[in-house]
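Taking the numbering used here, the leading residue of the sequence shown gets 12, the next gets one more, and so forth.
I have placed the structure first, in the form of structure tokens, so that the comments after it can refer back to it.
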Amino acid sequence: GQTTVHYSAVRCNVDVIQMMLPYGVDLFLSDKNGANPVHVAMESKSLEWLKVVFDYARSQKIVGLLKHLGEAGIPALHFTLLFSDPEFSTLVVEYEIDASLNETLSLESLEKMKQLLTARTADEGYTPLHVGTTLGLEKSIKFVLKCQNVYNQHSGEKLNLVTDLVDLTGRTPLDYALEMGNESLINLLLEN
Numbered sequence: 012g013q014t015t016v017h018y019s020a021v022r023c024n025v026d027v028i029q030m031m032l033p034y035g036v037d038l039f040l041s042d043k044n045g046a047n048p049v050h051v052a053m054e055s056k057s058l059e060w061l062k063v064v065f066d067y068a069r070s071q072k073i074v075g076l077l078k079h080l081g082e083a084g085i086p087a088l089h090f091t092l093l094f095s096d097p098e099f100s101t102l103v104v105e106y107e108i109d110a111s112l113n114e115t116l117s118l119e120s121l122e123k124m125k126q127l128l129t130a131r132t133a134d135e136g137y138t139p140l141h142v143g144t145t146l147g148l149e150k151s152i153k154f155v156l157k158c159q160n161v162y163n164q165h166s167g168e169k170l171n172l173v174t175d176l177v178d179l180t181g182r183t184p185l186d187y188a189l190e191m192g193n194e195s196l197i198n199l200l201l202e203n
């Protein structure tokens, strides 16, 4: 079964979650499918609900809400890119790095950002940019490249997700774009 919190996540019922959070609701409690309320909200794309919960979690220093997302354990950023919605992806990244992308990032936030950008899927070794490229999701690619640029600007390191990181077959995101012959993706990747 599901709890009231799970139902509020599915229905994006912000009023219910706002009433329940101050009373110590368990955001890690799994339903019969093994999903916690945050996972359910992610799958339902309940943005407003997630904003409330992530703001609360950050204020209370609650971490780990996005671990083991979905049955395959896909990393959270990879999952959000499938929706090709930069607002959704921004929400997840800002929760994970515990900072806004529009502010100066601490060393800790930068390290978390690097981990998000270089995380890999277990089955294919895809980075977030591999996911966006192989699926032809231009908005998602632009978002990942924006995060790379934010990271590079603040860290002094020059992370190059386009050509430096290979999947389990040895291919980069640029290799996939070239194989697909998709000129707009190729140009987008080469601009960075």
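Glycine included, each C-beta is placed from N, C-alpha and C at the ideal position.
Candidates the options: closest to residue i by CA position
| i | options | result |
| --- | --- | --- |
| Thr14 | Asp37, Phe94 and Leu156 | Asp37 |
| Ala46 | Lys150, Asp175, Ile197 and Ile85 | Ile85 |
| Lys157 | Lys125, Ala133 and Gly75 | Lys125 |
| Glu105 | Val142, Tyr137, Gly136 and Val64 | Val64 |
| Tyr9 | Met31, Thr183, Met191 and Glu122 | In the structure displayed, the chain extends from 12 to 203; residue 9 sits before or after that span and is not available. |
| Ile152 | Val25, Met53 and Pro97 | Pro97 |
| Ser100 | His89, Gln71 and Ala110 | His89 |
| Met191 | Gly147, Val16, Asp178 and Gln29 | Gly147 |
| Thr129 | Ser55, Ser111 and Pro184 | Pro184 |
| His50 | Leu200, Ser19, Glu119 and Glu149 | Ser19 |
| His17 | Phe39, Gln164 and Gly136 | Phe39 |
Residue i (DSSP reduced to helix, strand or coil)
| i | result |
| --- | --- |
| Ile197 | helix |
| Asp178 | coil |
| Asn76 | It should be noted that the sequence gives Leu, not Asn, for residue 76. Correct three-state label for Leu76: coil. |
| Leu172 | coil |
| Ser57 | coil |
| Glu202 | coil |
| Thr183 | coil |
| Thr15 | helix |
Integer-rounded CB distance, given that residue j should sit under 8 angstroms from residue i
| i | j | result |
| --- | --- | --- |
| Leu161 | Leu140 | According to the sequence as given, residue 161 is Val; it is not Leu. Contact doesn't hold; Cβ gap of about 14 angstroms is too wide. |
| Glu107 | Leu127 | 6 angstroms |
Contact with chain D by residue i, beta-carbon distance below 7 angstroms
| i | result |
| --- | --- |
| Phe154 | Protein chains in the displayed structure number just one, and chain D is not present. |
- Item | Residue ranges of each alpha helix (DSSP H) within the stretch 29-55, 4 or longer | 48-55
- Query: Which runs of the beta strand (DSSP E), 3 residues or longer, sit entirely within the stretch 83-170?
  - Reply: none
- Mind the definition here: the stretch 186-196 touches the stretch 162-171 only if three or more C-beta pairs lie below 8 angstroms; say whether that holds. no
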